[in-house]
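A quick write-up on the structure given underneath.
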Ligand code: CMC
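In our numbering, the protein residues as written are 1462 to 1840.
Written out as structure tokens, the structure is:
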């Protein structure tokens, strides 16, 4: 879509704001298409490790065995967060929004970096890898502190996803749980020019530092129409409560014209390419946990909403029960998303630095003009 002179494109819908070689997204075709660096999400979501996907997105190509091993090794080395972070988390009041806490933690970690103002590709790549490695440690620490539990040090013997679950739950996870978390991490790692990624590119466009840009991404992700929807999706599934309540609950919500969290998408009009993989993971966890209730309610609501309103489920819808099964506290689901999306934010930041032009759109002014100004005491 191209704007006529003077025309405002509401919500910048359909506007092409930059060129990118990170993600191909076609939400209008049926089925919709999502590719990371040319690889279809259906071929990688449930089989690749998060380390492979993070490397692919950050470096622009698949790692060979040696590159993957070196990258994995570096992430394990960078996982540790300084003890000052735990002290900071303990100082933040429990009523603070968890994404506000993560925003503060990310900013604090960046301030501890003695090379925080170093620029250039190598410095930015190093900062990106550190954030990718440290954010799960910070999120798991937040979960532990909020439950009055001791913060756990990362386990160097475990890969990224398994260690994340270990730091969260205090025990080494089984293979099904690790696979489910790798899949969720892969699916959230990147998603073209969504609101938070756009915020990242706007900050990078001013030649500010990459950590400041990622903090802006966290701030944008917090909103309920973006990353914040995932917590609300789980609250909705819990509020429905039983399979018998699906139809009355959905009928009431639609009659009251309530927004159904975890449904609809600005770009995907034929269905979110990520949702079926999370549905698969949700089913696997429902079986392995012996607690099918959340999966049964989620599938029942999805089917009934599609029948009644033709609105498909988005990525957040099945990710919510997946994270619940994996032990993430309900109010930390959006934080989990940030701990994965930091990869995409970083990839876009690196791309923006490489080909930067200040992002500075205009408004169509609709206010008063040429008013006569009188100082307050004379008016
Ligand atoms: N529940 C009820 N009605 C909906 C929903 C929903 N979740 N989504 C869209 N609609 C309705 C919308 O009200 C509109 O109805 P009408 O034409 O009668 O006014 C119609 O469907 C078309 O919607 P749209 O204009 O194509 O949607 P949009 O592009 O303005 O909004 C959205 C996209 C994601 C903001 C919206 O679908 C929404 O608010 N969904 C719930 C929040 C959510 O799940 N967000 C996560 C998005 S995916 C992950 C992410 O981005 O982080």
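We put the CB at the ideal spot given by N, CA and C, even for glycine. Keep in mind the model is a prediction, meaning the values are calculated, not measured.
If we ignore side chains and look at the alpha-carbon of each, how far apart do residue i and residue j end up?
i, j, result
"residue 1551", "residue 1645", "28 Å"
"residue 1681", "residue 1772", "24 Å"
"residue 1509", "residue 1652", "17 Å"
"residue 1672", "residue 1576", "11 Å"
"residue 1674", "residue 1571", "11 Å"
"residue 1728", "residue 1736", "14 Å"
"residue 1825", "residue 1473", "13 Å"
"residue 1490", "residue 1662", "27 Å"
"residue 1750", "residue 1781", "16 Å"
"residue 1583", "residue 1761", "49 Å"
"residue 1718", "residue 1670", "42 Å"
"residue 1536", "residue 1467", "48 Å"
"residue 1724", "residue 1832", "46 Å"
"residue 1542", "residue 1607", "17 Å"
"residue 1522", "residue 1812", "14 Å"
"residue 1818", "residue 1774", "36 Å"
"residue 1720", "residue 1588", "38 Å"
"residue 1768", "residue 1593", "40 Å"
"residue 1526", "residue 1638", "24 Å"
"residue 1647", "residue 1640", "10 Å"
"residue 1706", "residue 1628", "36 Å"
"residue 1612", "residue 1546", "11 Å"
"residue 1471", "residue 1726", "15 Å"
"residue 1563", "residue 1765", "35 Å"
"residue 1635", "residue 1744", "16 Å"
"residue 1502", "residue 1763", "22 Å"
"residue 1500", "residue 1506", "10 Å"
"residue 1422", "residue 1504", "Lying before the first or after the last residue shown, residue 1422 is absent from the chain, which here runs from 1462 to 1840."
"residue 1770", "residue 1686", "19 Å"
"residue 1438", "residue 1658", "What the structure shows of the chain is the stretch from 1462 to 1840, and residue 1438 is not part of that stretch, so it cannot be assessed."
Compare the Cα-Cα distances from residue i to each of the options and report the closest residue.
i, options, result
"residue 1565", "1613, 1637, 1549 and 1555", "1549"
"residue 1485", "1573, 1654, 1690 and 1769", "1654"
"residue 1557", "1792, 1624, 1534 and 1815", "1792"
"residue 1498", "1491, 1511, 1504 and 1482", "1482"
"residue 1776", "1787, 1734, 1768 and 1812", "1734"
"residue 1794", "1708, 1821, 1690 and 1717", "1690"
"residue 1469", "1527, 1545, 1759 and 1827", "1827"
"residue 1609", "1594, 1630 and 1593", "1630"
"residue 1732", "1476, 1467 and 1495", "1495"
"residue 1633", "1815, 1787 and 1832", "1787"
"residue 1650", "1813, 1834 and 1511", "1511"
"residue 1479", "1834, 1815 and 1830", "1815"
"residue 1790", "1605, 1573 and 1641", "1605"
"residue 1595", "1568, 1530 and 1528", "1568"
"residue 1667", "1820, 1838, 1554 and 1830", "1820"
"residue 1684", "1770, 1507, 1664 and 1798", "1798"
"residue 1581", "1665, 1785, 1834 and 1709", "1665"
Please determine whether the Cβ atom of residue i lies at a distance below 6 Å from any heavy atom of ligand 3.
i, result
"residue 1684", "Judged by which ligands are present, ligand 3 is missing from the structure shown, whose ligands are ligand 1."
My guess is that residue i and residue j are in contact by the Cβ rule of under 8 Å, so how many angstroms apart are they, rounded?
i, j, result
"residue 1808", "residue 1519", "5 Å"
"residue 1778", "residue 1747", "That pair is no contact at about 15 Å."
"residue 1679", "residue 1603", "Contact flag wrong, Cβ pair sits at about 13 Å."
"residue 1800", "residue 1600", "5 Å"
"residue 1742", "residue 1783", "5 Å"
"residue 1529", "residue 1590", "Not confirmed; about 14 Å, so no contact."
"residue 1677", "residue 1660", "4 Å"
Count the other C-beta atoms from every protein chain shown that fall within 10 angstroms of the C-beta of residue i, then say buried if there are 16 or more, exposed otherwise.
i, result
"residue 1585", "buried"
"residue 1823", "exposed"
"residue 1836", "exposed"
"residue 1796", "buried"
"residue 1476", "exposed"
"residue 1579", "exposed"
"residue 1643", "buried"
"residue 1730", "exposed"
"residue 1492", "exposed"
"residue 1688", "buried"
"residue 1738", "buried"
"residue 1597", "buried"
"residue 1740", "buried"
"residue 1465", "exposed"
"residue 1531", "exposed"
"residue 1883", "Outside the modelled stretch of the chain, which goes from 1462 to 1840, sits residue 1883, for which no answer is possible."
"residue 1555", "exposed"
"residue 1838", "exposed"
"residue 1573", "exposed"
"residue 1626", "buried"
Mind checking if residue i is an interface residue toward chain C, Cβ cutoff 7 Å exclusive?
i, result
"residue 1717", "This model lacks chain C altogether, as it is built from one protein chain only."
Checklist line | Three CB pairs or more closer than 8 Å across the stretch 1514 to 1525 and the stretch 1804 to 1815 | finding: yes
Item checked: the stretch 1751 to 1762 touching the stretch 1695 to 1705, judged by at least three CB pairs closer than 8 Å -> yes
Checklist line | the stretch 1677 to 1696 / the stretch 1615 to 1633 touching (three or more Cβ pairs under 8 Å) | finding: no
Next item on the list: Check whether the stretch 1707 to 1716 touches the stretch 1620 to 1638, taking contact to mean three or more Cβ pairs, one atom from each stretch, closer than 8 Å.
Entry: no
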